[in-house]
Amino acid sequence: MVIFDVDGVFSDGKIVVNSDGIESKNFYVQDGTGITYLQRAGIKTAIISGRKSKVVEYRAKELSIDDVFLGVQRKIEAYETLLEKYKLDDHETCYIGDDLIDLPVLRRVGFSVAVPNARQEVKECASYVTVADGGHGAIREVVEKILKSQGKWESIIEKYY
Numbered sequence: 047m048v049i050f051d052v053d054g055v056f057s058d059g060k061i062v063v064n065s066d067g068i069e070s071k072n073f074y075v076q077d078g079t080g081i082t083y084l085q086r087a088g089i090k091t092a093i094i095s096g097r098k099s100k101v102v103e104y105r106a107k108e109l110s111i112d113d114v115f116l117g118v119q120r121k122i123e124a125y126e127t128l129l130e131k132y133k134l135d136d137h138e139t140c141y142i143g144d145d146l147i148d149l150p151v152l153r154r155v156g157f158s159v160a161v162p163n164a165r166q167e168v169k170e171c172a173s174y175v176t177v178a179d180g181g182h183g184a185i186r187e188v189v190e191k192i193l194k195s196q197g198k199w200e201s202i203i204e205k206y207y
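Written as structure tokens, this is what we have:
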């Protein structure tokens, strides 16, 4: 299972609010494509975010993300819910985060990932720091790394021939 934070990981971390209070975010199309590759490979996906957002709800539905937890202040509780739901062990999970709220989950998962613009403590905790920034291909980079390590990347590429 691959689990994502949103602001600063799934998006570039910028929140635009118009005069009517409507929020918008930027998402990188190749990150979304990467999520579909995980799904094709039979890997579950989830979002755990500290903020509630209609934009994130919409994007998660559009990408068929398996589980979405929004407005969560203790992310470890949502993580433990996922472990129980899917009967997973820590070593079968990956989490991508960028801020202090992500540390409890990052310390537990099998593959902990930070983005380059993450807080220093998060980068020090992570087993891998992406080259790409959050919201600019970091998710896609991690997806390819996981699928290649599992020997599933070639089957993804073959679908385009």
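Residues in the sequence shown are numbered consecutively from 47, following the working numbering. Ideal Cβ placement from N, Cα and C applies to all residues, glycine included.
Simplified DSSP assignment, three categories, for Asp148 = Reading the sequence shown from its first residue, position 102 is the one you call residue 148. Looking at Asp148 - three-state DSSP - the assignment turns out to be helix.
query = Where does Ala124 sit, in a helix, a strand or coil, going by DSSP?
reply = For this step, residue 124 is matched to residue 78 along the sequence shown. Three-state result, Ala124: helix.
key: Endpoints, the alpha helix (DSSP H) within which Val189 is located   = As a first step, residue 189 is located in the sequence shown; it is residue number 143 there, counting from the start. Start and end: Ala184 to Ser195.
ask   = What does Gly143 pair with, by DSSP beta-bridge criteria?
value = Against the sequence shown, residue 143 aligns to sequence position 97. Within the DSSP secondary-structure output, Gly143 pairs in a beta bridge with Ala160.
inquiry  = Please classify Ser110 as buried or exposed, where buried requires at least 16 other C-beta atoms within 10 Å of its C-beta.
reply    = Taking the first residue of the sequence shown as 1, we reach residue 110 at position 64. Label assigned to Ser110: exposed.
ask   = Where Asp51 and Ile203 are concerned, what is the direct C-alpha to C-alpha distance, given to the nearest angstrom?
value = Locating residue 51 in the sequence shown gives position 5, counting from the first residue. Locating residue 203 in the sequence shown gives position 157, counting from the first residue. Near 27 Å, if we compare the C-alpha coordinates of Ile203 and Asp51.
query = How about Ile49 and Ala87: are their beta carbons less than 8 Å apart?
reply = For the purposes of this step, residue 49 is taken as residue 3 along the sequence shown, with counting starting at 1. For the purposes of this step, residue 87 is taken as residue 41 along the sequence shown, with counting starting at 1. No, the pair does not count as a contact, with Cβ atoms beyond the cut-off.
key: Uninterrupted beta strand (DSSP E) stretches inside the segment 94-121 (no shorter than 3 residues)   = 113-115
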